[in-house]
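The listed protein sequences derive, respectively, from chains A and B.
Residue 150 in numbering that gives the first Met the number 0 is what sits at position 151 of the first sequence, and the numbering runs on without skipping anything.
Residue 92 in numbering that gives the first Met the number 0 is what sits at position 93 of the second sequence, and the numbering runs on without skipping anything.
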Amino acid sequence: MKFVGITALLVALLAFSAGTVSYVCCRRLPPEAAAPGDDALLWLRSEFRLSPDQMARIEAMHAAYAPVCEEHCLRLHRASAEVRRLRAARADGQAITAAVATVAQVDAECRTSLEAHVRAVAAVMGEPAGRRYLAVVLPRLSGFDHTRAPDLDLKEPTHEGHAQH
Amino acid sequence: MHSHPDDKSLRDLLREQWTVAPVRNPGFRAEVWARIEAARRTPATWGAWLRLHLLGVSMVAAASIVFAGAGGGLLAGARDRHEREQLVQRYLISIDPHQSSAGEGAP
């Protein structure tokens, strides 16, 4: 009975070691992926095997897009606030319709600009990484909803939410 | 209760009342010898025991290693998918702040 116990312990240790080795070998993401951080481009860096030159270009594009995104958000915020104000003030229908149209126009501009940015990033990545990147990003962008609150603190004139860009 | 070893009345009582009727067991000797033989055959060391049960132990060990390896791989895959999803979300939020609310539940 003692020998069975010793054997069972050794087999358990062996199995645990095999499981640990398998876990470590099967991990594909870098260890820093698990850590909370503000490196927004870590996904691109870790998944797409981009060259330093490609990564530098994408970082520059990402940084350049930040103020564009910020401006869209501010315009959208103002246009939405105007619609709310007009509705609260029970303004005439034409004014409200015009304000709603402005919101839709800014929303469309934002979507178009964002998609253009994403496609430009994909072009820098080249094939097949670019296609794979678009396959992940585009469906999610098409599903976004500008009527919901953005994940940033909209304060005029500064736009603190974009500090992470 | 305390009784003295030379308690005569107790001795007499036991002699009268306590009767033992042993049942005959014809296989008693054979059983004893079988147990002695079995004890003699049991390996004295773990190495000897292991050699005796090598096939069974090998199969159990191999099955355990395969299961543990597969489990480790599956766990790593699940963790990778979860962390990748977080990285994708972090990136999407950086280019589209509305993603944090609209992107929930995305594949």
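Glycine residues also receive a C-beta, built at the ideal position from the N, C-alpha and C atoms.
Legend entry - Other residues of its chain near Val-117(A): CB distance less than 6 angstroms, five sequence neighbours each side excluded: The residue given as residue 117(A) occupies position 118 in the first sequence. For Val-117(A), where only same-chain residues beyond five positions count, the Cβ hits under 6 angstroms are Val-136.
Legend entry - Closer than 8 angstroms to chain B by CB, Thr-166(A): As shown, chain A starts at 0 and ends at 164. That puts residue 166(A) outside it, with no answer to give.
Legend entry - Val-22(B) (DSSP reduced to helix, strand or coil): Position 23 of the second sequence holds residue 22(B). Reduced to three states, the DSSP call for Val-22(B) is coil.
Legend entry - C-beta neighbour in chain A for Ser-8(B), strict 8 angstroms: For the purposes of this step, residue 8(B) is identified with residue 9 of the second sequence, where counting begins at 1. Closer than 8 angstroms: no.
Inset, instruction - Can you grab the Cα-Cα spacing for the pair Phe-15(A) / Ala-67(B), in whole Å? - result: Translated into the one-based positions of the first sequence, residue 15(A) becomes position 16. Translated into the one-based positions of the second sequence, residue 67(B) becomes position 68. Taking the straight line from one Cα to the other gives about 7 angstroms.
Legend entry - Proximity of Leu-40(A) and Tyr-90(B) at Cβ, strictly below 8 angstroms: As a first step, residue 40(A) must be located in the first sequence, where it is residue number 41. As a first step, residue 90(B) must be located in the second sequence, where it is residue number 91. Cβ distance < 8 angstroms, so Leu-40(A) and Tyr-90(B) count as in contact.
Inset, instruction - Find the residues of chain A that neighbour Gly-68(B), judging by a C-beta separation of less than 8 angstroms, and give them in chain order. - result: Stepping through the second sequence from its first residue, residue 68(B) is reached at position 69. Residues of chain A passing the Cβ test: Ala-17, Gly-18, Val-20 and Ser-21.
Inset, instruction - Return the residue from the list Leu-75(A), Ala-121(A) and Leu-12(A) that minimises the CA-CA distance to Leu-49(A). - result: Against the first sequence, residue 49(A) aligns to sequence position 50. Nearest option by C-alpha distance: Ala-121(A).
Inset, instruction - Quick one: grab the DSSP three-state call for Leu-153(A). - result: Counted from its first residue, the first sequence places residue 153(A) at position 154. In this prediction, Leu-153(A) scores a pLDDT of 45, lower than 50, which makes its location untrustworthy; the coordinate-derived value is nonetheless stated afterwards. It is a strand residue.
Inset, instruction - Kindly indicate if chain B contains any beta-carbon less than 8 angstroms away from that of Ala-14(A). - result: As a working mapping, residue 14(A) is identified with position 15 in the first sequence. Cβ-Cβ to chain B under 8 angstroms: yes for Ala-14(A).
Inset, instruction - Tell me whether the beta-carbon of Ala-165(A) lies closer than 8 angstroms to the beta-carbon of Leu-85(A). - result: Within the shown structure, residues of chain A are numbered from 0 to 164, placing residue 165(A) beyond reach of any answer.
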